[in-house]
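Take 7 as the starting number for the sequence shown in this note's numbering and just add one per residue.
The beta carbon of each residue, even a glycine, is placed where N, CA and C say it ideally should be.
Taking it in order: structure first as structure tokens, then the write-up.
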Amino acid sequence: MKKIIIITLFLCGICSAYSQTVDSLLLKNYEQKILENSKLKTDLQTERQKNLDLSNAYKKDTLALQKQIKDLKNEISVEKQKVSDLNKNKIKEEKEKLQTKADSLNGEILKLNQTIADKDRQIATSRQQGDQKARTEKENGKKEALASLINSYKNKMFDDLIKSSNKESVRRDMQLIGNNAEVNPILTDLQIYFNAEELLLKKIDAAQIKNAQTQLSQIKRQSKRLDALKENIEYYQDFNTALKETIGKLVSLDNRNSAAGDSEIQKRKFNDIVTILADYMYNYYDYTKYKYLSDIVFEIIKRKKPSADADISDLLNKL
């Protein structure tokens, strides 16, 4: 009896290690794509910062020029006021001098306005070039990432693709890659594989199992994992039926024998329960293949360990 319990704990440990390994591979793949996307965002932000710095410099120069224009206009106004204060004998002479000065100042204003216009064109051109460069670099980065993604599917064995992918990553990559005659069939086969594999994680559905078998048979690739999945799908009904019969035996045991709070009877009854479960586990149990069924086995142990009389008849509805 101790050997059976030790075997159960050992299989649970193996499952946990397997799950952690798969999660680690998926996380590494996801983090790599996050780093690539982050680099593209950083490059785009750098170009935008360059445009912002240039725009700020332009605004500063523009304000300075506008202040000069304002000061010159004020000076003209002051000079014109002086003209009105001159006596009649000096009006013509001073007026000519002031007019000359005013003309000179107006010329300066025209030059400053031209300078502002030139800076406007320079800023617009620089901003346009910067935006275009950012768009080009972003597009090039997307193309490189897409090419790398396509090559990763073309240059790997089907078993390796199964290890490094999952249903969500395949769906996402289908959208990214689009219509690619070389890669689309691979993605479609992976999608069929993961959809079929998902059936082993839930209550058996005969129609879905049959459809999955038909689709899996259409995949013409060399793959140990694919062959194993085909076998698991084929025997899922047998494993499911065997567990249903095992639960039936336990329910029958409950009807015949009650621990009724007696610790010794509880111990003996739980040993009988373990014996029945051990028979199923010896002939059918495999956590890595049929996790849904294994979870039900764990639920039986979880209920029966503290109380051998615990009702488990509801678990039959899950099979």
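Alpha-carbon to alpha-carbon, residue j and residue i
i      : j      : result
LEU196 : ARG309 : 38 Å
SER158 : GLU251 : 46 Å
ARG274 : LEU235 : 39 Å
LEU322 : ASN190 : 41 Å
LEU193 : TYR291 : 32 Å
GLN272 : ILE279 : 10 Å
THR68  : LYS86  : 27 Å
VAL84  : LYS66  : 27 Å
ASN80  : SER110 : 14 Å
GLU305 : TYR199 : 28 Å
ALA314 : LYS169 : 41 Å
GLU237 : SER44  : 42 Å
LEU41  : GLY184 : 22 Å
LYS311 : ASN277 : 10 Å
GLU270 : ASP285 : 23 Å
GLN224 : ASP268 : 58 Å
SER55  : THR220 : Reading off the sequence, residue 55 comes out as Gln, not Ser. Cα to Cα, the separation comes out at about 56 Å.
LEU104 : LEU116 : 18 Å
GLU102 : ILE82  : 13 Å
ASN289 : ILE210 : 19 Å
GLN181 : ASP49  : 24 Å
LYS107 : ALA70  : 22 Å
ILE239 : LYS173 : 18 Å
ILE307 : TYR241 : 24 Å
Spatially closest choice to residue i from the options, by CA coordinates
i      : options                        : result
ASN261 : LYS324, ALA70, ARG127, ILE318  : ILE318
LEU78  : GLU114, GLN51, LYS88           : GLU114
GLN51  : ARG141, ALA314, GLN72          : ARG141
ASP320 : PRO312, ARG177, ILE302, SER313 : ILE302
GLN243 : ARG178, ARG274, GLN55, TYR296  : TYR296
GLU53  : LYS139, LYS98, ARG178, ILE97   : LYS139
LYS73  : LEU118, SER44, ARG177, GLU102  : LEU118
LEU325 : LEU41, SER300, GLN38           : SER300
LYS47  : GLU145, LYS76, LYS96, SER175   : GLU145
ARG282 : LYS226, GLY254, ALA265         : This sequence places Ile at residue 282; Arg is not what is there. When each option's Cα is compared against that of ILE282, the closest is GLY254.
GLU188 : SER175, ILE156, SER171         : ILE156
ALA316 : THR294, MET287, ALA265         : ALA265
ASN186 : LYS160, ASP137, THR294         : LYS160
LYS208 : MET287, TYR298, ILE129         : TYR298
LYS76  : ASN112, LYS96, GLU99           : ASN112
VAL38  : ASN263, TYR293, THR294, SER175 : At residue 38 the sequence reads Gln, which differs from the Val that was named. Residue SER175 is the option with its Cα nearest to GLN38.
DSSP three-state assignment for residue i, whether helix, strand or coil
i      : result
ASP244 : helix
ASN185 : coil
ASP29  : Residue placement at ASP29 is flagged as unreliable, the pLDDT there being 49, under the threshold of 50; the coordinate-derived value follows with that caveat. Correct three-state label for ASP29: helix.
ARG309 : helix
GLN224 : coil
THR52  : helix
ASP320 : helix
ASN161 : coil
TYR288 : helix
ASP211 : coil
GLY267 : coil
LEU58  : helix
ASN172 : coil
ALA151 : helix
TYR293 : coil
LEU17  : With a pLDDT of only 42 at LEU17, under the threshold of 50, the placement of this residue in the model should not be trusted; the figure read from the coordinates follows. In the structure shown, LEU17 sits in a helix (DSSP, three-state: H, G or I).
LYS96  : coil
ASP315 : coil
SER229 : coil
LEU78  : helix
LEU206 : coil
LEU325 : coil
Contact test: residue i Cβ vs the ligand NAP heavy atom, cutoff 7 Å
i     : result
GLN74 : As presented, the structure is devoid of all ligands, the ligand NAP included, so that no description of it is given.
Test: residue i CB closer than 8 Å to a CB of chain D
i      : result
LYS162 : Chain labels in this structure do not include chain D; a single protein chain is all it has.
Quick one: any contact between the stretch 211-226 and the stretch 244-258, if contact means 3 or more CB pairs under 8 Å?
Contact fails: fewer than three Cβ-Cβ distances are below 8 Å.
Below 8 Å, how does it come out for the stretch 160-178 and the stretch 230-243: are there three or more Cβ pairs, yes or no?
Because the criterion of three Cβ pairs below 8 Å is met, the stretch 160-178 and the stretch 230-243 touch.
Three or more C-beta pairs closer than 8 Å, one from the stretch 55-65 and one from the stretch 128-141: is that the case here?
Contact holds: three or more Cβ-Cβ distances are below 8 Å.
Spell out a yes or no on whether the stretch 257-273 and the stretch 197-209 are touching, meaning 3 or more CB-CB pairs, one atom from each, closer than 8 Å.
No, they do not touch.
Contact between the stretch 108-125 and the stretch 145-154 is defined here as three or more beta-carbon pairs at a separation below 8 Å; is this criterion met?
The stretch 108-125 and the stretch 145-154 do not touch, with fewer than 3 CB-CB distances between them shorter than 8 Å.
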